[in-house]
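In what follows, a single structure is set out as C-alpha cells and then discussed.
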Amino acid sequence: MKLFYTLLVALLLSGCGGGGGDSVEGGNSGGSGGGGSGGGSTTDPLAQYINISTLYHGNKNKAEVNLTTLASFNDYLFFVAPELLPDYDDSDNSGFLNESCPEGGSVNIEKTSKENELKLTFNSCKSEGSVVTGSVTARILTTNSVGDITDAQFIFQDVQLVADFGSYTLKGVMRQASTGEVCPDTTTTYNLLLNGPASHQVLFNNFKFRRVGNAQVYCSANGIYLAGEVMDSRYGAMSYLSSEVFVLNTMISGPEKGRLQLTGANNASAVWSVNSYQNKGSTDTFYRYDIDLNGDQEFEVSYQYLNEHFSAELLTSFEDRDGDGMQDAWELVVGLSPSDPSDALLDSDGDGFTNIDEFRYLGHPNDPLLMPAIADLQLGGSDRQFSFGEDFHVPIALGNKSFNVDATDIVLTLDLTGNAEFRQTGGCLLTKQNKQLVCRYQKLPARSIDRFSYGLLVPESELGFLSVQININVSSFAHDPNPSDNQLSFLVSRAEALPDYAIHADVTPDEPVTHFLGVIAEVAKYKFTLMNLGDSVTGSSVVMTVPPQVSIEKMTCYNIDSQSWVNCDLRTMWDLQADSLSFQMTLKGELPGNDELILSVSHPAMGTLKSFKMPIVVGQPASTIQQTIDASEDGAIVEVPAGIFIGSLDLTAKKTVLKSVSGADSTYLFASGFKFGKPSDSIKLAHGSSLANFTVSHSIIVEDEGSIVENNVFGKAEWHRWGSGIYSGHSLIVRNNITKGNFVFPDFRSSTGSVKACSSIQILNKERNPIDVVVENNLFIGPLKREPGSSEICGGAMFSSAGSIKLAFNHNTITGVGTGISVEEYTFDSVAEVKMNNNIFSASLSALRLNWSSNDPSEISAELNNNLYWDNYSDYQGIAGILLESGKISADPRLNPNGWLEVSSPAIDAAFDLGLSTDVNGASRPIDGNGDGIAAPDIGAVEFQP
Numbered sequence: 018m019k020l021f022y023t024l025l026v027a028l029l030l031s032g033c034g035g036g037g038g039d040s041v042e043g044g045n046s047g048g049s050g051g052g053g054s055g056g057g058s059t060t061d062p063l064a065q066y067i068n069i070s071t072l073y074h075g076n077k078n079k080a081e082v083n084l085t086t087l088a089s090f091n092d093y094l095f096f097v098a099p100e101l102l103p104d105y106d107d108s109d110n111s112g113f114l115n116e117s118c119p120e121g122g123s124v125n126i127e128k129t130s131k132e133n134e135l136k137l138t139f140n141s142c143k144s145e146g147s148v149v150t151g152s153v154t155a156r157i158l159t160t161n162s163v164g165d166i167t168d169a170q171f172i173f174q175d176v177q178l179v180a181d182f183g184s185y186t187l188k189g190v191m192r193q194a195s196t197g198e199v200c201p202d203t204t205t206t207y208n209l210l211l212n213g214p215a216s217h218q219v220l221f222n223n224f225k226f227r228r229v230g231n232a233q234v235y236c237s238a239n240g241i242y243l244a245g246e247v248m249d250s251r252y253g254a255m256s257y258l259s260s261e262v263f264v265l266n267t268m269i270s271g272p273e274k275g276r277l278q279l280t281g282a283n284n285a286s287a288v289w290s291v292n293s294y295q296n297k298g299s300t301d302t303f304y305r306y307d308i309d310l311n312g313d314q315e316f317e318v319s320y321q322y323l324n325e326h327f328s329a330e331l332l333t334s335f336e337d338r339d340g341d342g343m344q345d346a347w348e349l350v351v352g353l354s355p356s357d358p359s360d361a362l363l364d365s366d367g368d369g370f371t372n373i374d375e376f377r378y379l380g381h382p383n384d385p386l387l388m389p390a391i392a393d394l395q396l397g398g399s400d401r402q403f404s405f406g407e408d409f410h411v412p413i414a415l416g417n418k419s420f421n422v423d424a425t426d427i428v429l430t431l432d433l434t435g436n437a438e439f440r441q442t443g444g445c446l447l448t449k450q451n452k453q454l455v456c457r458y459q460k461l462p463a464r465s466i467d468r469f470s471y472g473l474l475v476p477e478s479e480l481g482f483l484s485v486q487i488n489i490n491v492s493s494f495a496h497d498p499n500p501s502d503n504q505l506s507f508l509v510s511r512a513e514a515l516p517d518y519a520i521h522a523d524v525t526p527d528e529p530v531t532h533f534l535g536v537i538a539e540v541a542k543y544k545f546t547l548m549n550l551g552d553s554v555t556g557s558s559v560v561m562t563v564p565p566q567v568s569i570e571k572m573t574c575y576n577i578d579s580q581s582w583v584n585c586d587l588r589t590m591w592d593l594q595a596d597s598l599s600f601q602m603t604l605k606g607e608l609p610g611n612d613e614l615i616l617s618v619s620h621p622a623m624g625t626l627k628s629f630k631m632p633i634v635v636g637q638p639a640s641t642i643q644q645t646i647d648a649s650e651d652g653a654i655v656e657v658p659a660g661i662f663i664g665s666l667d668l669t670a671k672k673t674v675l676k677s678v679s680g681a682d683s684t685y686l687f688a689s690g691f692k693f694g695k696p697s698d699s700i701k702l703a704h705g706s707s708l709a710n711f712t713v714s715h716s717i718i719v720e721d722e723g724s725i726v727e728n729n730v731f732g733k734a735e736w737h738r739w740g741s742g743i744y745s746g747h748s749l750i751v752r753n754n755i756t757k758g759n760f761v762f763p764d765f766r767s768s769t770g771s772v773k774a775c776s777s778i779q780i781l782n783k784e785r786n787p788i789d790v791v792v793e794n795n796l797f798i799g800p801l802k803r804e805p806g807s808s809e810i811c812g813g814a815m816f817s818s819a820g821s822i823k824l825a826f827n828h829n830t831i832t833g834v835g836t837g838i839s840v841e842e843y844t845f846d847s848v849a850e851v852k853m854n855n856n857i858f859s860a861s862l863s864a865l866r867l868n869w870s871s872n873d874p875s876e877i878s879a880e881l882n883n884n885l886y887w888d889n890y891s892d893y894q895g896i897a898g899i900l901l902e903s904g905k906i907s908a909d910p911r912l913n914p915n916g917w918l919e920v921s922s923p924a925i926d927a928a929f930d931l932g933l934s935t936d937v938n939g940a941s942r943p944i945d946g947n948g949d950g951i952a953a954p955d956i957g958a959v960e961f962q963p
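Take 18 as the starting number for the sequence shown in our numbering and just add one per residue.
Structural data, given as C-alpha cells:
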C-alpha cells in the first residue's frame, strides 16, 4: 500500500497538487479517529466509501489461532506492511511521473472540481505483488510551510484488487499523517473493507502502521510500530500489537529486530519476530514465528527462517502434506520435495546435519556452507541450602559454550514441587498456580555465562526445614548439539529458624566489660543487653552458671511490661521478653584461681541455642611479692610461688633476680584494669635486675643498665590478658621469651574489637653513645597473614629502637607481625651497629626497616648472616644500600602453629654457631637435626628435635 502515498508525493513534485502553508482548505476532508469519516457530512459524495465498518457482516468474535487462520491473517499483515519482509523494495518510484506503474500498468491523474483533491484512475497498476484497477480519490488535508504533505487521505471507491490471497473489491480509507521535519514520524491508518467471492469479507479496523526515521536519518525512537485489528468473515477477529519495535535495514539501524503479537480467541497468540545473532564473526538476521495454540503462554509450534531464504509464502502456508516435519513451502524454496517424507532424514549437502535439522535451525539442505546455527546452551545449578533468614531463591547459571554463535530468543522454563511458589520476576510469566515460571531472554553471547536468581515465596507458618524440587529446561532458536545439559533438576532447601543471640556491654567508667580480673573482695559492676540478631522466636529463656571464684552481690533485670528494673537471679531459669534481656550485676572476688561465668540461652523445642563465656580471674595483690623484694638483699634471688599476682612491681632499689618457682605455666604477673585517675600498673627494673619464668601481661620499664628479661611468656589472650611491652633507654638482654599474639573476640563485649596479646620491645636512647641490646632465642608469633591495612594485626614493630644502639639480634623467630625490626635515628648524630644472625622472618608486613637519613658507614652499619625470609610483604625497608647480607635463605621455614620447625625445614642445621647452648625452650643446641652426622644449630629460636 506504499504505492498511493508515493504517488501523491510524486504528483506534488511535478506540480500537480498541494501548495505552501500550514493547512489546506479541503472540503469534507474528514479523517477523524484515524481512517477519516469525511467530516461526518452526509453531503460528501464519497461517504459510502468512508463509513465502511457497518458494511462488514461477517464473524466479529475472536478468531481461533491455528495454522489455517494464521496463514490468512499473515497475508493481510504483509498486504499493509510489506516492509516487514526482507525482499521489500524501498527504491525510488519516479516511474509514476509518466503515468506508469513501477511493475506494469498505468495510472491517470486528474484534478477534481475541489481544491487539493485528485482523482487517480488505475488500470492494472501493479506494485508489491498487488494489481489495482479503479478509482482512488486523494485528498490533501494539510501541508507544512515548504509544501510537504503532512496529512493526506486516500478513498478507495470499489477498486478491484488482485492480491496474493485472492481477488477483492476494495473500499474504505487510508490516511497518512506525518510530523517532524528532521526526524520523520509517519502514521498510516487503514480502515478498509475487502469484498471477495462467496460473500467473503476482510475488514482492516483502525489498523495503524507507524514509522519513525528513514534510511537517511537516525531517530532515538527509530523503527516501525503496528497496532490494530483485522476481521475475516470466515474466522473472526485477530488483533495485532508490536511488543518490540521493528528496526529493519530500510532505515539507519544496527542489527535487525522486532516483535509483533497476533492475539485471537482464548488469549491464544502467535509472535512474528525479526532477530539477529552473531554467526562466525558476522551478524545474521533470521525470522521466527511462534504459535501458542491454546493460550497457556507456551509455544506449541515454532518456525524460523534465514533472511536469505525467506519469503512471504513461508508464513502464508504452513501445510506439510507428506508429514515429514518440514513445511511444504520451505521444501519448495530449498529444492526438496513436499511429497517425499523420506528426505527429512537425509543429509543432502553432506555437512553432517539432516534436512530436518537444517529446517529447524536456520541451515540450507543443499548448501554445505549454510549449516544450522549451533548454540550450545548449558544449565548450571546444584542443590542449595539457605538459612531461615536468607532470601529463598533458585540460583542458576546459563552458559553458551558455542565458540562464535550467539544464542537468541532463549526460553527458560522452571517448575517446582513443594510447599513454595515462584515470585513474580521481570521478563517472566507465572503459570500453573505460580508453580511454573517461563522466562525469555533476547541474547546470550557466545562463550559467556549469565547467572540468574528466581525468588521463592514460602507460607509464613512454615518454620521448619523445607525442601523444594526444581526442574529447569532451556531452549533457543539454534540447534543444540548437547541437549542433555539443557535440562536440570536439583533441590533448594531452607533451614529451620535459627535465632542468633549476642550480648552487648554498656561501657561503664573504671569497670571491666569482657571479663572479671581482681583480687579477693574486689567488686566489679556490669550492664549487658542480650539480643537476638537472627531468626526471631518466642519462648526462649536464659540461665547463668557462676563459678566459685566470684559471687553475685546484686542483679537486676529490665521488665519490658513495667518498663522498670526489677530484682532477678539468672542462676535460675529466666524467660525472655521480646526475645531480649537487659540486666545488671555486681561480681565480687571470693577465691583465687580462674574459671568462666557462663550465660546460656535455650528454647524448649531447640535445646541450648548459645552460651556466652566470661573469663573469671581472681588473684592476690602483687604487693605480697613486693614486700619480699623490699626485704631482700642486693643481688638476691626472690622466688615466687605459683599463683596469680595482680598489680605493680618495683625492682629499681637494688639488683633483684625475680623468678617463679613453678614456671610460666602456673605463675602469672598481671597489671590490674585501667582506672581513671590512677597510674597504670607496671614492672620496673634497674641495677641489673631480672625477670624470669612468668606469664606476664604488663608494661616492663627498664630504668638502668644491665637488666635481663628471660624465659617468660607474654600475654594470656584466652583470659583477656594483653601482651607485654618492654621499654628501655639502657642496655638490656631479652632472651628465651615467648609471645603468642592471639586474637580473642569476647562473648561479652561493647564493640567488634578483639583482645590482642601483642608484645613489643621499644628502645629509645637520647644520648650520642650507643647502648648494647641483645635480643636472642625469642619466639614472637602473631596472627597476621600479610594483609596490609588489616586492623587485626600486632601493629608497629616487634622490636623498635630510636637513637644510638649496638644491636645483637640472634636466633629469633618472628612470624605474623607488622614489622620485625625497626631501627631509626633519634638525632642527626645517632649511630647504629646492627648484627642480625640466624633469624626467621615470615608472614609479616616487613622484616627489617632502617630509617636513617644517611648511609654513611660511620653512622649506621648492618651485618646480616644466615637469616631466613619467607612470605613477607617486604624483607627490607629503608636504606637497602647499607645491608651486607650473607647466606640469605628465601624458603618456607615450615613452622607449626607453635613456631617450631617441622621435618624438612630448610632452617634445620642451617645456622652458623654463635655459641648458644640452648634454644627458647631450654633444649640443647646444636644437635644433628637433618641426620647428616654433623651437629649444627638451626636458624630461629627453636632447635628441631628429631
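All C-beta atoms in this analysis are idealised placements derived from N, C-alpha and C, irrespective of residue type, glycine included.
Query: I need the DSSP call for aspartate 400, collapsed to helix, strand or coil.; Result: coil
Query: Counting pairs of Cβ atoms below 8 Å between the stretch 95-102 and the stretch 117-124, do you hit three or more?; Result: no
Query: Have a look at Gly740, Ser745, Ser649 and flag the residue whose alpha-carbon is nearest the alpha-carbon of lysine 757.; Result: Gly740
Query: For leucine 394, tell me which candidate among Ile427, Ala703, Pro385 has the shortest Cα-Cα distance.; Result: Ile427
Query: Quick check: what's the CA-CA separation for threonine 838 versus glycine 732?; Result: The amino acid occupying residue 838 in the given sequence is isoleucine; threonine does not appear at that position. Rounded to whole angstroms, isoleucine 838 to glycine 732 spans 20 Å at the Cα level.
Query: Quick check on alanine 282: does DSSP put it in helix, strand or coil?; Result: helix
Query: Please report the distance separating the alpha-carbon of valine 190 from that of glycine 183.; Result: 20 Å
Query: Opposite aspartate 667 in the DSSP bridges: which residues?; Result: Lys701
Query: Tell whether a beta-carbon distance below 9 Å holds between glutamine 637 and proline 609.; Result: yes
Query: Taking contact to mean at least 3 C-beta pairs separated by less than 8 Å, is the stretch 591-608 in contact with the stretch 558-574?; Result: yes
Query: Whether or not the stretch 914-932 and the stretch 767-783 are in contact is what I'm after, with contact meaning three or more pairs of Cβ atoms, one per stretch, closer than 8 Å; do they touch?; Result: no
Query: Which residue marks the beginning of the alpha helix (DSSP H) containing asparagine 372, and which one marks its end?; Result: 372-377
Query: So if DSSP puts tyrosine 575 in a beta bridge, which residue, or which two residues, is it bridged to?; Result: Trp582
Query: Looking at the unbroken beta strand (DSSP E) that takes in tryptophan 887, where does it start and where does it end?; Result: 885-887
Query: Measure the C-alpha to C-alpha separation of tyrosine 893 and serine 847 and round it to an integer number of angstroms.; Result: 21 Å
Query: For glycine 946 and phenylalanine 687, what's the separation of their Cα atoms in angstroms?; Result: 38 Å
Query: Beta-carbon separation of alanine 958 and asparagine 854 under 9 Å?; Result: no
Query: In angstroms, rounded to a whole number, what distance separates the CA positions of glycine 56 and tyrosine 471?; Result: With a pLDDT of only 43 at glycine 56, under the threshold of 50, the placement of this residue in the model should not be trusted, and no figure is reported.
Query: For threonine 71, is the classification buried or exposed, using 16 other Cβ atoms within 10 angstroms of its Cβ as the cut-off for buried?; Result: exposed
Query: Tell me the DSSP secondary structure of asparagine 856 in three-state form.; Result: coil
Query: With distances taken Cα to Cα, identify the nearest neighbour of valine 713 among Leu508, Gly690, Ser697, Thr684.; Result: Thr684
Query: Check aspartate 432 in the structure and name its three-state DSSP category.; Result: strand
Query: Among Ala819, Ser777, Asp789, Ile822, whose alpha-carbon lies nearest the alpha-carbon of isoleucine 810?; Result: Ser777
Query: Quick one: any contact between the stretch 133-140 and the stretch 243-260, if contact means 3 or more CB pairs under 8 Å?; Result: no
Query: Would you kindly work out how many angstroms separate the C-alpha atoms of leucine 824 and proline 914, rounded to a whole number?; Result: 28 Å
Query: Rounded to a whole number of angstroms, what is the C-alpha to C-alpha distance between glycine 48 and tyrosine 207?; Result: Caution applies to glycine 48, whose pLDDT of 40 falls short of 50 and renders its modelled position unreliable; the value that the coordinates give is listed next. Looking at the two C-alpha atoms, the distance is approximately 11 Å.
Query: The alpha helix (DSSP H) with valine 97 in it runs from where to where?; Result: 84-97
Query: Should glycine 240 go down as buried or exposed, given a rule of 16 or more other Cβ atoms within 10 Å for buried?; Result: buried
Query: Identify whether isoleucine 391 lies in helix, strand or coil by the three-state DSSP scheme.; Result: strand
Query: Return yes when the Cβ of histidine 496 is within less than 9 Å of the Cβ of arginine 377, no when it is not.; Result: yes
Query: Taking the runs of the beta strand (DSSP E) that are 3 residues or longer, which of them lie wholly in the stretch 234-308?; Result: 240-249, 253-264, 274-280, 286-296
Query: Would DSSP call tyrosine 66 helix, strand or coil?; Result: helix
Query: Rounded to the nearest angstrom, how far is the Cβ of threonine 836 from that of serine 870, given a contact under 8 Å?; Result: Wrong, their Cβ atoms sit about 19 Å apart, outside the cutoff.
Query: Decide yes or no for the touch test of the stretch 324-337 against the stretch 350-357: beta carbon pairs closer than 8 Å, at least 3 of them.; Result: yes
Query: Using the Cα positions of valine 491 and glycine 416, report the straight-line distance between them to the nearest angstrom.; Result: 11 Å
Query: Quick check on proline 632: does DSSP put it in helix, strand or coil?; Result: strand
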